[in-house]
Every structure is written in C-alpha cells, then in structure tokens.
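Visitor:
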C-alpha cells in the first residue's frame with residue numbers, strides 16, 4: 014500500500030481532510046490503469062456481437078429497490094457491545110469460529126457469540142446486545158424541497174439492465190440470447206470497512222446481464238478450453254469443499270457446473286483475467302453451497318483470486334432464473350419485461366368465448382361500450398349467472414345481463430407466447446481485480462545490495478506504454494526527448510511518460526515500479542545518429558534502434574517484436 | 014426525444030416504475046455514443062503529455078464541501094406560493110422579465126416577482142413568500158450505524174483533482190504547468206428539472222484542472238488557429254453583450270480574452286467539438302459579466318452550442334486563481350497544496366535569530382529539549398522580555414528564561430519559495446454536448462413521399478462503425494453475414510451491428526437513424542464471388558468490394574478511403 018501511494022496508483026481519499034475509511038482515489042498512474050482495465054473488459058464482451066453497453070443513473074428511487082429486494086435484504090448483521098456501545102459486524106466477530114459466517118442468520122450469530130464468549134475488540138467485555146440487520150445502502154432524497162422522494166445510491170449496476178430490458182429487446186429484435194453490460198460505481202455503506210481496496214464503500218463494478226430463453230438449447234462449444242484445467246471447488250452437498258482440477262467442458266458434462274451458459278461465462282471470465290495479466294495459478298472457482306446461494310439462483314460460482322488477503326471473491330457468476338424481471342413485473346404490473354417465443358408448431362385452439370352483442374351493448378353503455386366489449390372478450394371463464402358485475406380497465410364496474418352477450422365458438426391459432434427470460438450474470442469487482450493484478454505483478458528483487466521493485470503489468474493494462482528518458486537534460490538531450498515524447502503521443506491511444514529528473518538509474522527504477530514495459534533513452538549517440546535505446550522492464554535487456562523503427566513498432570502494437 | 018427513445022439512444026430512467034424527472038438512461042445505442050465521446054475527450058487531453066487522469070469517489074464528506082464553499086453557496090433560490098404551497102425556482106419564474114436571472118440575489122428576485130405581479134403556474138395567484146436559497150446537493154450519511162457522518166454526492170468532479178494535488182505534483186516532479194482530468198458523474202438536486210437532457214439531476218461531467226505558476230510566462234503559439242474566426246460575446250462592461258467574430262490570437266492581444274491559458278483552452282475545446290462532429294457555426298463563446306462571475310475568478314467563458322433549446326452552455330472555461338487550493342489549505346492547515354518555485358537568483362539574507370543553548374535547555378527540558386529548540390528556531394521575532402511562554406508543536410507551553418537562549422547572526426541562502434498554483438478549469442457537460450451532436454447531425458429529408466431521418470454522426474463517435482445486412486436471411490446469406498460480423502468484430506474496437514429482420518429498405522432506414530456511417534450488404538452475388546456492397550450513410554451511394562478489401566480498409570481506419 015505504501016508503494017501504491019508513493020507511486021500515485023491508489024491512496025485513501027480525502028486524506029488532507031482526515032480521510033474516510035472505505036473510500037479511495039485512483040491517482041495519476043492508477044487512474045489510467047483503471048481505465049485500461051475497464052476498456053479491456055468492455056471490448057471483451059462487446060466483441061461478442063450480441064452484447065451492448067448501457068449507462069443508467071446511480072441514484073435509484075426506493076420503489077425500484079423494494080421490488081428488487083434490496084430494501085429488505087441488503088443487510089449485514091451488527092452487534093452492539095452493551096458495555097461500551099461500540100458496533101461491529103457480527104460475522105466479523107465470529108469469523109475465527111465459523112467458515113462463511115456471512116451466510117448465518119442473526120440467531121445463529123448470537124449463539125456463536127455467546128457460546129464462545131467472544132469479547133468486544135474495543136473494551137474486551139463479552140456482553141452483546143441481540144444482533145440487528147443494518148441496511149447497507151446510502152440513502153438520499155430526490156427533490157431539494159420538503160417532501161423529497163426517498164432514494165438510494167445503487168448497490169449494483171444490474172438493475173439498470175433489468176429496467177431497460179424493453180429497449181435492449183427492441184435493439185436485438187427480440188432474438189435471444191443477448192446481453193447488456195454496464196460499467197460504473199456501486200455503493201455499499203459498510204459498517205466497518207477494512208481490508209483496504211477489497212472492501213470499499215464506493216467501488217468500480219462491471220456487470221453483464223445475459224438474457225436467455227430457458228426452453229432454448231444453450232449448448233456451447235468448449236473445445237477452445239479443452240486443454241485448460243480450471244481449479245474448481247464444487248458444492249459438496251455434504252461435508253467439506255475440496256478443490257478439483259478439471260476442464261470446463263467435462264465439469265459441465267459431469268453436472269458439477271449446472272448450466273452451459275454458466276460454464277461459458279466461467280471460461281470467458283478466466284480468459285479475460287489472463288488477457289489482462291492475472292496469474293492463472295492464483296485463480297479458482299468456488300461454487301456456492303445451497304444455503305449460501307440466493308433462493309432464486311440455481312447455480313452460482315465465485316471466481317476467487319489469491320493475494321495478500323488470501324483467496325478473495327473478485328467475480329460472481331450466477332444463474333438468477335427469472336427472479337429479477339419477474340420481481341419488477343410483479344411490482345409494477347408491466348408487460349414489457351417479457352420476450353416472445355414462437356412455438357415449433359402453431360397450436361390450433363377450439364374454444365367458446367363470450368362476445369358482446371353490439372346492438373344491445375352500444376345503446377346501453379354509449380361511450381363505455383368499447384371498454385365493455387373489451388372486458389367481455391378478456392373474460393377467462395364463461396359466466397353462468399346473470400346479471401353479473403364486470404370490471405372495466407378504467408376501474409369502473411358495470412352490470413351485464415343475459416341480453417347483452419352471446420357465447421360463440423371460435424378457432425384460434427396460437428403461434429407462440431410471451432415469457433420471462435432467464436438471466437445469467439457475471440458481476441465483476443474491478444477494484445479487487447486491479448488489487449490482484451498489482452499483487453500478481455509485484456516482484457521484489459535486489460540490485461546492488463538494495464531492494465528493487467518491478468511491477469510486471471501486462472502491456473494491455475500498463476498505465477504508460479513507454480517512458481522517454483534523456484540521459485541528461487543538458488546538451489540538447491532534454492529537448493530531443495521532449496520532441497520524441499510528442500511524436501509518440503501522436504500514436505493513437507499511447508501513454509508516454511517523460512521523466513527528466515535525477516540519475517538515469519533512479520528513473521529506470523521509478524518506471525519499473527509503475528510497470529512501464531518499455532523505457533526509451535535519449536543519449537549522446539542519439540544526437541549524432543538519431544538512434545535510441547529500448548529497455549525491456551521484465552529482464553532489463555536493452556537494444557538500440559532508430560526512432561523511425563521505434564515509431565513503426567509502436568504503431569503496429571508493441572515493442573516486443575523488436576527483441 | 015421520441016426518436017431517441019425509439020432507437021435506444023436516451024430515455025427517461027425508471028419509467029417502468031413511473032419515472033423520475035431529471036434522470037436518464039443511455040440505451041443500447043446511446044451507451045456506446047457516450048463512451049466514445051468520453052474516450053475522444055480523454056485522448057484529446059492525455060495526448061498533450063502533461064495531463065493525467067484520476068478517479069475519485071462521488072461520495073464526499075461535508076468538511077470537504079464546506080471548505081470548497083458548496084455547503085453555503087451551491088444554491089438556487091426557490092419561491093413558495095402562499096396560496097397553494099407549490100415551490101418553484103425563483104429565476105425560472107422571472108426569466109421573461111430579466112436576462113441571466115440566475116445571477117440575481119434573493120431580494121432582487123422578490124422585487125421582480127412583486128413588481129411584475131408574476132402569478133403562480135399552479136394556481137395562478139400572485140402571492141409569493143420571500144424566496145429562500147435551497148442547497149442543491151444530494152445529502153447522505155457515511156456509516157450504516159447511528160452517528161453516521163454527513164456527506165453529499167459531489168456537485169462536480171473538480172474537488173478530486175484539488176485534493177489529490179500532492180500526488181499529481183509528485184508525478185510531474187513539481188514541474189508546472191500540468192493538469193489532471195476526471196470523467197464521471199456529478200449530481201445536482203434540481204428543484205424542478207426541465208429541458209430534458211439539458212438539466213439533469215445526475216449527469217456526465219468531464220473536467221480538467223490545469224495548474225500554472227502565475228509568475229511564469231504563459232504565452233502560447235496560436236498560429237494553428239489564425240484562420241479560424243471564433244464567435245465571441247465579450248463582457249461589455251456597460252451595455253449589452255454583442256457578438257464579434259475574431260481569431261483567438263487577436264482576441265488575446267486585444268485583451269478581450271484576458272489570459273493566454275484561457276485562450277488556449279478555448280481553442281482546444283473548439284477543436285475537440287469539431288473533431289466529434291459539432292457544427293462550428295452553432296458554437297459561440299460568451300464571457301461572464303463581472304457580476305455573474307464567481308468573486309475569485311478573473312476570466313470566465315461559457316462555450317454555448319445552439320440547438321432545439323436555443324443557445325445552451327455546454328462548457329465553462331474559468332481562470333479560478335488560487336481559490337480552490339487556498340480554500341482547502343485554509344480549512345485544513347495542510348502545506349501539501351503548494352508548489353515550489355526557484356528564484357532566478359538565490360537571495361542571500363543576513364538575519365538575527367534566537368538559538369537554544371544546548372547545555373542549559375538539555376538538562377532543563379530532557380525529552381522535550383528537541384521540541385523546545387525547534388520552537389525557538391521558528392520564532393519570527395526576537396523576544397525582548399524574559400521569561401516568556403513558548404508554545405510547542407505538541408500543544409504544551411514552557412517558560413523560557415534568558416539563560417536558555419542566545420541571539421545569533423546567520424546568513425541564509427533562499428533559493429525559492431512555496432506558493433499556491435493558479436488553476437484554469439475547462440468543465441464539460443457531456444450530456445449537453447451529446448444532445449447537441451444529435452441535434453446538429455439530425456436531418457429530416459423525404460424518400461418516396463415519406464419522412465426520412467438521417468443522423469449524420471461523426472465516425473469518431475458513431476455507436477456502430479458498420480452494420481452488416483443480409484439481403485435475405487434465407488439461402489445461406491444470413492449465415493455468411495453472421496460470419497462476416499464475427500470477422501469484423503475481431504478488428505480492435507470496432508462496433509458491428511447485425512440486422513436481419515424485415516425489408517432491406519427498412520433496415521437501411523434504421524441504420525441511418527442511429528447514425529451508422531457504413532452499411533455492408535450480403536446478397537446473392539456475395540455467395541458467388543465473396544464481394545459485398547458498401548453503402549455510405551451520408552449520400553446513400555454504394556460500391557461493391559471484396560470482403561478482404563473491406564477488412565483491410567476498416568483495419569486502416571475508415572471506409573471513407575473506398576469511395
């Protein structure tokens with residue numbers, strides 16, 4: 014963390030004003046790292062062709078989060094010390110005594126606290142009040158005047174994709190499967206944030222909601238991943254979870270992974286992490302145990318990465334069924350959250366329906382006659398007793414007697430049906446992923462008896478592609494180096510850092526610490542013949558090339574081809 | 014707006030749940046437009062070489078926004094109707110009677126309301142309570158337990174750059190000028206949002222804070238813009254504002270624009286807008302009148318774009334002096350917000366200072382002796398009366414008698430000084446800019462007697478670069494078109510839409526409506542010889558090329574070179 018702070022990567026926010034736990038800044042170097050990881054993630058999914066990106070507000074009215082279940086269920090249990098009034102997350106207090114304590118109920122937590130005589134970290138007494146669920150959303154009010162409307166900062170970006178489903182569906186002409194991604198801030202008002210970057214109150218999320226027809230064939234071609242053994246920790250049903258190494262296709266065949274679309278996203282997520290430089294040996298998938306999984310989910314895997322905090326959940330891949338779209342449909346009565354499915358064969362239906370007799374209904378109901386006919390045609394059963402009360406769509410009720418209707422026999426062709434699509438969701442915590450990229454890339458070596466740090470970041474996410482260093486700034490070398498920086502900056506999207514102060518050794522060391530893959534040095538020879546040296550961060554080897562070649566290689570992608 | 018909604022560009026958020034004024038979604042097409050505008054903006058500034066990108070939290074503790082002045086001054090005046098209790102923005106009520114009413118005081122607003130007998134838009138009475146300032150920040154509490162800390166959603170991204178100034182300064186080795194950008198959400202809890210996209214409660218901002226030494230030469234080379242006449246509306250001092258057409262260099266020479274760095278950012282901002290496709294004839298710069306400008310600002314220009322709401326401010330370019338860094342320094346006492354400036358010539362100073370006599374102070378104060386010596390050396394005046402009370406840095410006070418100190422004469426070389434940098438800030442409202450790009454690109458023509466809409470978006474921001482259309486999906490053309498889409502998607506960063514439903518004419522029309530510059534059609538000939546047609550949106554001309562050529566041209570940047 015001190016290196017991250019010193020090198021402008023990440024640091025605690027608002028520190029000049031005393032700081033706030035759980036809020037962080039990405040600095041001059043980290044800001045670009047974050048953007049490049051976001052950009053790689055975006056391109057990874059958008060290049061599939063049936064996925065789009067949306068952007069929705071972070072402020073979310075309460076009604077939406079009531080429907081989604083967050084108002085009642087986005088909680089942590091908190092225990093208050095009766096002696097000193099300090100408040101802690103109950104699951105943190107018991108974590109030495111219990112695996113996965115965040116899945117326990119309040120009563121279970123209280124029992125473990127009592128049975129083990131767990132003491133208060135503040136005052137050391139063991140006298141706990143009954144634990145209480147605390148909602149973790151940041152509340153606010155929409156409307157600057159009195160009577161503002163209750164709202165919350167979104168706990169996830171996913172609701173945006175569910176609520177814009179009608180537009181996504183129209184965009185893809187109702188041809189499932191398709192998905193929508195969103196990259197943005199999520200908020201969680203932690204009771205007591207800890208573990209630095211891992212558990213923030215405001216964090217960078219990236220979520221994909223992939224809509225599928227549960228009746229359609231979901232098979233995928235997994236041959237691309239045949240040779241890769243994934244580390245899986247399946248739900249043991251009974252007993253302890255044990256890791257196995259298995260390729261994803263076989264895991265699916267053996268029903269360890271329970272749905273092909275879930276398996277496909279596990280493999281694609283693995284590919285993404287490797288692309289941005291994660292260490293494959295420090296990635297594993299852990300399946301949720303049935304009591305850990307949300308009640309509506311049918312399969313759920315956490316992708317965990319290993320680093321200085323042990324194994325940490327960085328991505329969650331869940332089959333959420335039709336829970337989310339169904340919840341919004343139920344709350345609002347909208348019919349817009351359904352997709353259409355053609356039957357293989359149209360169904361011919363012979364049935365009796367009630368029909369209004371126009372010559373009677375017309376004069377009897379005048380302007381309401383249309384509504385009455387409509388309501389009659391929507392009756393699901395044939396009325397047997399007359400007169401009866403008929404509910405109109407506008408809320409009025411009218412009385413219908415037997416002179417107004419007749420029963421007719423009709424034949425109807427039903428070509429398909431409206432249904433709630435199912436959703437598979439890979440949800441990424443980008444800050445946690447970035448933390449682990451830094452952890453996996455961090456190598457402490459030594460040089461001339463002193464500690465020497467190299468950050469082996471992948472070129473795909475390195476904050477700067479190249480650094481330009483004049484050997485000295487005097488004798489015109491500074492000027493040439495600055496001009497070279499300008500030329501390289503004109504290459505589309507390239508980040509070029511200029512560093513002119515202190516010894517060249519110190520400047521190589523700084524560039525290695527922030528993970529710049531290539532260092533270009535302008536020296537006396539450059540002034541004579543226009544060549545420069547290119548130094549490779551990962552093994553510190555150097556070669557000399559012309560600046561024209563340098564530009565050419567950078568334009569075609571990477572300087573790796575020079576070595 | 015109805016076209017934007019129908020085509021998945023922008024729509025009112027949460028509409029399934031009844032909607033919330035002032036909150037919008039970017040949909041399947043708009044989401045990508047927003048990202049491309051953000052990416053163009055980012056690259057525009059980062060390619061300068063002395064600008065970095067940061068990312069800071071949107072949740073901001075109250076102390077920060079007290080220091081910045083937002084808690085006391087981020088207000089609109091609201092007037093309440095005494096008759097029906099409806100509340101309106103006072104400046105909206107008087108806008109027919111007054112230019113720039115948002116710069117008026119509460120008393121001025123009340124006077125105009127009374128003098129003109131302005132009536133309540135709800136109940137039509139003219140009986141107003143005294144107007145009151147209403148703070149426009151969304152409030153929240155950090156900490157899910159009782160006693161949470163008061164905070165607000167940030168009203169601007171700028172505070173993030175001021176608070177991370179120490180890291181930005183270290184990154185650039187204290188060599189001004191340098192800048193930092195941030196792209197992200199800003200929040201403004203409007204009393205009564207209107208004008209759709211123009212006035213949102215949550216909006217996409219992009220701000221640059223550029224730090225300069227006020228003593229350094231700030232001249233810039235404006236020759237690049239010599240031939241471009243900008244439309245300026247200068248502060249008239251007295252009388253009405255009148256537009257003039259003038260190149261930026263001359264405007265600076267004539268002191269219409271008052272600072273070279275402000276002029277440079279005006280020109281660079283103009284360039285950016287042209288690059289993403291704005292119509293230059295619908296861009297102008299309006300200088301703030303002195304009573305409209307914040308008291309600390311020395312020059313301030315609004316870039317206005319013309320569209321369906323008239324002339325609308327889309328960018329503000331302000332010279333903010335040292336106000337922001339100074340405000341945080343004053344609130345916190347930090348010394349980290351200053352930059353160092355070397356004097357041209359070091360200054361030699363001869364002066365008398367108080368010095369501790371170690372052999373007396375040591376035994377007298379023991380562990381405190383170091384602190385006492387330190388505090389003595391920091392005295393700004395030589396004490397004349399003994400004993401006197403000396404304040405130590407830890408808050409203690411000790412008594413010093415004349416045996417403990419001596420006055421010594423020293424010579425000091427002062428090489429430079431710490432100072433507060435000045436800030437020039439271009440602040441962009443991206444939603445407003447996007448609205449105007451859509452407005453400037455929107456062309457309603459006719460085709461076969463029917464209205465026909467073309468959205469002339471610049472290729473640099475078009476949501477999709479190409480659309481792939483099978484003439485029909487049958488006979489294998491659908492399959493070939495899908496394969497072609499896959500191949501094109503493999504080209505880095507390219508957006509490729511596939512559309513297979515309804516007639517080819519309808520699909521061209523859809524693609525024209527969402528601004529896709531190039532439509533590729535796979536027809537019977539494609540099946541025979543591997544060629545496709547390329548159709549140019551802007552003039553609907555078509556040519557036929559091989560798919561290899563197609564891929565080659567897209568890889569090298571654009572299909573424009575084919576025509």
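Protein chains in written order, with the numbering used here: chain A, 14 to 576; chain B, 14 to 576.
Every residue gets a Cβ at the ideal spot worked out from N, C-alpha and C, and that includes glycine.
Nothing here was measured: the structure is a model prediction, and the numbers come from that model.
Note down, in chain order, every chain A residue with its Cβ under 7 Å from the Cβ of residue 74 of chain B.
Guide: Ordered by position in chain A, the residues that pass the 7 Å Cβ test against residue 74 of chain B are 27, 30 and 33.
Visitor: 9 Å is my cut-off, CB to CB: does residue 478 of chain B come that close to chain A?
Guide: Not one chain A Cβ lies under 9 Å of residue 478 of chain B.
Visitor: At a Cβ threshold of 9 Å, is residue 41 of chain A touching chain B?
Guide: Yes, because at least one Cβ of chain B sits closer than 9 Å to the Cβ of residue 41 of chain A.
Visitor: For a contact defined as C-beta to C-beta under 7 Å, what are the partners of residue 149 of chain A on chain B?
Guide: Correct list: 157.
Visitor: For the beta strand (DSSP E) that residue 366 of chain B lies in, which residues bound it at each end?
Guide: From DSSP, the beta strand (DSSP E) with residue 366 of chain B extends over 352-369.
Visitor: Hey, is the segment 107-126 of chain B in contact with the segment 152-162 of chain B, meaning 3+ C-beta pairs nearer than 8 Å?
Guide: The answer is no - the segment 152-162 of chain B does not touch the segment 107-126 of chain B, with fewer than three Cβ pairs under 8 Å.
Visitor: Which residues bound the beta strand (DSSP E) around residue 280 of chain B?
Guide: Residue 280 of chain B -> not in any beta strand (DSSP E); alpha helix (DSSP H) instead, spanning 273-288.
Visitor: Can at least three beta-carbon pairs, one atom from the segment 429-446 of chain A and one from the segment 319-335 of chain A, be found at a separation below 8 Å?
Guide: Yes, the segment 429-446 of chain A touches the segment 319-335 of chain A.
Visitor: Please classify residue 242 of chain B: does DSSP put it in a helix, a strand, or coil?
Guide: Reduced to three states, the DSSP call for residue 242 of chain B is coil.
Visitor: Report yes if the CB atom of residue 352 of chain B is closer than 9 Å to the CB atom of residue 318 of chain B, and no otherwise.
Guide: No, Cβ-Cβ distance for residue 352 of chain B and residue 318 of chain B is not below 9 Å.
Visitor: So, is the C-beta of residue 179 of chain A closer than 9 Å to a C-beta in chain B?
Guide: Yes - at least one Cβ of chain B is within 9 Å of the one on residue 179 of chain A.
Visitor: Could you tell me how far apart the beta carbons of residue 547 of chain A and residue 564 of chain A are, in whole angstroms, since I believe they sit closer than 8 Å?
Guide: About 12 Å separates the two Cβ atoms, so there is no contact after all.
Visitor: Take residue 463 of chain A as the anchor and find which of A:236, A:68 and A:518 has the nearest alpha-carbon.
Guide: Here the closest residue by C-alpha is A:518.
Visitor: Rounded to a whole number of angstroms, what is the C-alpha to C-alpha distance between residue 202 of chain B and residue 338 of chain B?
Guide: Taking the straight line joining both Cα atoms gives about 26 Å.
Visitor: Would residue 454 of chain B and residue 513 of chain B qualify as a contact pair, given that the criterion is a beta-carbon distance under 9 Å?
Guide: Their beta carbons are not under 9 Å apart, which means residue 454 of chain B does not touch residue 513 of chain B by this criterion.
Visitor: Are three or more beta carbon pairs between the segment 160-177 of chain B and the segment 207-223 of chain B nearer than 8 Å?
Guide: The segment 160-177 of chain B, when compared against the segment 207-223 of chain B, does touch it at the 8 Å Cβ threshold.
Visitor: So for residue 153 of chain B, helix, strand or coil by DSSP?
Guide: Here residue 153 of chain B sits in strand by DSSP.
Visitor: Within the continuous alpha helix (DSSP H) that includes residue 78 of chain B, where are the two ends?
Guide: That run of the alpha helix (DSSP H) goes 75-80.
Visitor: Work out the CA separation of residue 480 of chain B and residue 9 of chain A for me, nearest whole Å.
Guide: Since the displayed chain A opens at 14 and closes at 576, residue 9 of chain A lies outside it and no answer follows.
Visitor: When the Cα of residue 396 of chain B is compared with those of B:376, B:381 and B:367, which residue comes out closest?
Guide: Minimum Cα distance to residue 396 of chain B is reached at B:367.
Visitor: Taking the CB atoms as reference points, tell me whether residue 483 of chain B and residue 536 of chain B lie closer together than 9 Å.
Guide: Yes, the pair counts as a contact, with Cβ atoms nearer than the cut-off.
Visitor: Flag this pair as yes or no: are the beta carbons of residue 105 of chain A and residue 205 of chain A separated by less than 9 Å?
Guide: Taking 9 Å as the Cβ cut-off, residue 105 of chain A and residue 205 of chain A qualify as a contacting pair.
Visitor: Please state whether DSSP places residue 381 of chain B in a helix, a strand or coil.
Guide: If DSSP states are grouped into helix, strand and coil, residue 381 of chain B belongs with the helices.
Visitor: Around the Cβ of residue 80 of chain B, are there at least 16 other Cβ atoms within 10 angstroms (buried) or fewer (exposed)?
Guide: Looking at its Cβ environment, which holds 16 or more other Cβ atoms inside 10 Å, residue 80 of chain B is buried.
Visitor: Any idea what DSSP makes of residue 413 of chain A, helix, strand or coil?
Guide: Reduced to three states, the DSSP call for residue 413 of chain A is strand.
Visitor: Counting only Cβ pairs nearer than 7 Å, list the residues of chain E close to residue 67 of chain B.
Guide: The structure shown contains no chain E; its protein chains are A and B.
Visitor: Does any residue of chain A have a CB that is nearer than 9 Å to the CB of residue 136 of chain B?
Guide: Chain A contact via Cβ: absent.
Visitor: Please report how far the alpha carbon of residue 350 of chain B lies from the alpha carbon of residue 23 of chain A, in whole angstroms.
Guide: When rounded, the distance between both Cα atoms is 18 Å.
Visitor: Output needed for residue 370 of chain B: all residues of its chain with C-beta closer than 7 Å, excluding positions within five of it in sequence on either side, in chain order.
Guide: Result list for residue 370 of chain B: 417, 418 and 419, in chain order.
Visitor: Suppose the cutoff is 8 Å on Cβ atoms and the five residues either side in sequence are ignored; what does the same chain contact list for residue 321 of chain B look like?
Guide: Closer than 8 Å at the Cβ level, and outside the excluded window around residue 321 of chain B, lie 452.
Visitor: Can you check DSSP and say which residues form a bridge with residue 312 of chain B?
Guide: Answer is B:332.
Visitor: What is the C-beta distance between residue 577 of chain B and residue 65 of chain B, in whole angstroms, given that I count them as a contact (C-beta under 8 Å)?
Guide: The question about residue 577 of chain B has no answer here: the residues shown for chain B are numbered 14 through 576.
Visitor: Straight-line CA distance for residue 575 of chain A to residue 556 of chain A?
Guide: So the two alpha carbons sit approximately 8 Å from each other.
Visitor: Evaluate residue 379 of chain B with the Cβ neighbour count: other Cβ atoms within 10 Å of its Cβ, from every protein chain shown; 16 or more gives buried, anything less gives exposed.
Guide: Residue 379 of chain B is exposed by the Cβ-count criterion.
Visitor: Just to confirm, is the Cβ distance from residue 147 of chain A to residue 37 of chain A under 9 Å?
Guide: Contact: no.
Visitor: Please classify residue 421 of chain B: does DSSP put it in a helix, a strand, or coil?
Guide: It is a strand residue.
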